[in-house]
Structure formats: C-alpha cells, structure tokens
Amino acid sequence: MTEMLTTPQGRTLALNRVEGQGPAVIFLGGFRSDMEGTKALHLEGWARENGRAFVRFDYSGHGASGGAFEDGSIGDWRDDAAAVLDTVPGPKILVGSSMGGWISLLLARDRGDVAGLVTIAAAPDFTEDGYWAGFDEAARAQLAETGVVHVPSEYGEPYPITRRLIEEGRAVLVLRTPLSLPMPVRFLQGTADVDVPEAWAHRLLAHAEGDDLRLTLVKGADHRFSDPDCLALIVASLEEVLGRLAA
C-alpha cells in the first residue's frame with residue numbers, strides 16, 4: 061500500500077514499504093524514473109521472500125509524488141531521500157541506481173546510519189560532468205536566457221535541464237572533495253552503458269576511500285541493467301553486503 065510522506069521542506073512523497081528484518085534496504089531510483097521500475101520491484105519481491113525490511117519511493121516531481129520535476133534539484137532529491145531514511149529505524153542499506161547512486165553516495169558520506177551501499181551505473185556529478193560539460197555555447201546561452209534546455213532522451217519526452225539543476229548541483233558534487241565510505245560498497249556498471257560511461261565507474265572507485273569497495277563490470281550491459289542476469293547480480297551484491305555486516 062502506498063504511503064504519503066510530507067518532508068521537512070513541505071514536499072509530498074509517495075513510498076511503498078515492506079516490513080521485515082533489518083538492516084532495511086532502501087532503493088533510490090534514477091533521474092526521471094519512478095519506483096515502479098523493474099529493479100525496484102524485483103528488489104521488493106526479494107525482500108518479501110526473505111522477510112527483509114524494504115522501502116522504494118518517488119522523489120518529488122517523480123512518479124506518484126507531488127511537485128513538478130522542473131522545480132527539483134539534486135539537493136532537493138537528496139533531502140527527499142533523507143526524509144525517507146528518517147522513517148526507517150536502525151542501520152540502512154542503500155541501493156542507488158544512476159542518479160540514485162549519486163544521492164546514495166551523499167547520504168553514505170554524510171549520515172551515520174548507512175551501513176552498506178550498492179550502486180548501479182552510479183552517476184555522481186552528472187549535472188556538471190555530463191550535461192554542462194556536453195552543452196555547446198548555444199545551449200549554455202539558452203540556459204542562461206530562458207532557464208531551461210530540453211535534451212533528447214531515448215526513454216521518452218526530452219528532459220528539461222534547468223539552470224537551477226546545474227547551478228545547485230555544484231553544491232553537492234562528490235568527486236571534487238574527499239569521499240569517505242567506511243562501509244561495504246559494491247559498484248555495478250555495464251560496459252555498454254551510453255548514459256553513464258564506464259570511465260565514470262573507474263573514476264568513482266579510484267576517488268572513494270574505504271576498506272571494502274569493489275567494482276563489478278558486466279560486459280554488454282546497458283544503462284537499464286535490468287535483464288535477469290543483471291537483476292541476479294544486484295541481489296547477489298546486496299546479499300554480499302548484508303553478509304559482511306552479519307559477519
């Protein structure tokens with residue numbers, strides 16, 4: 061059953077919760093995605109089968125949550141995720157996909173209740189290193205003048221990339237300052253991902269600091285990372301993190 065949560069900032073979020081054993085697993089979806097995606101639902105099924113506490117949710121401006129996508133930013137969506145985490149007692153395991161990987165890195169760095177992390181095609185700093193770096197002078201001028209540039213997407217309608225998204229994103233970058241991850245972390249990345257280059261995964265692994273960090277590359281996997289083998293790898297990585305904590 062879908063719950064509605066009002067955040068400290070006054071935004072309304074939709075979430076689905078499975079009661080069970082902790083540490084709870086929380087799925088953080090990607091840019092313009094929602095909690096009804098293949099990976100989120102697959103993990104919910106795993107949680108139900110294993111009696112594991114689990115939460116999936118929509119950021120503001122996404123899915124069933126309130127607000128307009130164009131009004132949001134990485135910091136806003138980080139705060140949305142933090143509000144969800146605050147409803148879950150005890151340590152948490154985060155599974156962050158794409159933008160959710162960036163947000164989960166922020167939470168793992170800044171909070172004391174993140175006990176483990178799995179990222180899927182993590183996209184830290186993508187507003188700067190992806191969109192802004194890829195804009196030509198005309199696009200940058202349009203962004204400055206109108207406040208928005210519409211970028212084609214293979215997933216549907218063009219994405220509105222706002223000036224606020226770019227400018228606010230610079231306040232929450234994670235690859236320009238130390239990134240301490242003192243918990244079990246598993247980074248997953250497909251080599252055929254055209255949205256998040258494989259090089260970004262190597263950069264993240266090289267930059268992050270921690271004693272239990274591993275990167276797994278899947279040859280031929282794309283950004284969706286949702287075929288049966290990829291879904292099985294996500295679960296296996298999650299179970300490995302949980303096993304590390306139990307040990």
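Just so we're on the same page, our numbering is the position in the sequence shown counted from 1, plus 60.
Quick reminder that beta carbons are idealized off the backbone N, C-alpha and C, glycines included.
Query: Where L277 falls, given that 16 or more other Cβ within 10 Å makes a residue buried; Result: exposed
Query: Residues that DSSP places opposite L177 in a beta bridge; Result: L154, V245
Query: Assigned exposure category for Q81 - 16 Cβ within 10 Å defines buried; Result: exposed
Query: The stretch 219-237 / the stretch 172-192 touching (three or more Cβ pairs under 8 angstroms); Result: yes
Query: Collapsed DSSP secondary structure at M159 in the structure displayed; Result: helix
Query: Span of the alpha helix (DSSP H) around Q202; Result: 197-206
Query: Three-state class that DSSP yields for R268 in the structure shown; Result: Reading off the sequence shown, one finds Ala at residue 268, where the question assumed Arg. If DSSP states are grouped into helix, strand and coil, A268 belongs with the strands.
Query: DSSP-derived helix/strand/coil call for S164; Result: helix
Query: Sufficient close CB pairs (3 or more, under 8 angstroms) joining the stretch 197-213 to the stretch 175-186; Result: no
Query: CB of D140 within 8 angstroms of CB of L233, strictly; Result: no
Query: Of the listed residues A261, Y219, D255, G121, nearest to M95 (C-alpha basis); Result: G121
Query: Best match in M64, R263, D118, R171 for proximity to G36 [C-alpha to C-alpha]; Result: The first residue shown for the chain is 61 and the last is 307, placing residue 36 beyond what the model contains.
Query: Buried/exposed call for P244, threshold 16 Cβ in 10 Å; Result: buried
Query: Residue range of the unbroken beta strand (DSSP E) whose run includes G303; Result: Here G303 belongs to no beta strand (DSSP E); instead the alpha helix (DSSP H) covers 288-306.
Query: Pairwise C-alpha distance: L265 and A175; Result: 18 angstroms
Query: D272 versus L65, D173, V178, H283, residue with shortest Cα-Cα distance; Result: V178
Query: Within the stretch 84-118, ranges of the alpha helix (DSSP H) (whole runs, at least 4 residues); Result: 98-110
Query: Reference G111; option with closest CA among R274, V78, P220; Result: V78
Query: Alpha-carbon spacing of H267 relative to E197, whole angstroms; Result: 30 angstroms
Query: Own chain partners of A252 with C-beta closer than 7 angstroms, once the 5 adjacent residues on each side are dropped; Result: G280, A281, D282
Query: Residue nearest to L167 in terms of C-alpha spacing, selected from A261, F91, F285, S240; Result: S240
Query: Rounded straight-line distance, which links the Cα of E300 to that of R274; Result: 11 angstroms
Query: Supposed close pair F195, G250 - CB separation, criterion 8 angstroms; Result: Contact flag wrong, Cβ pair sits at about 25 angstroms.
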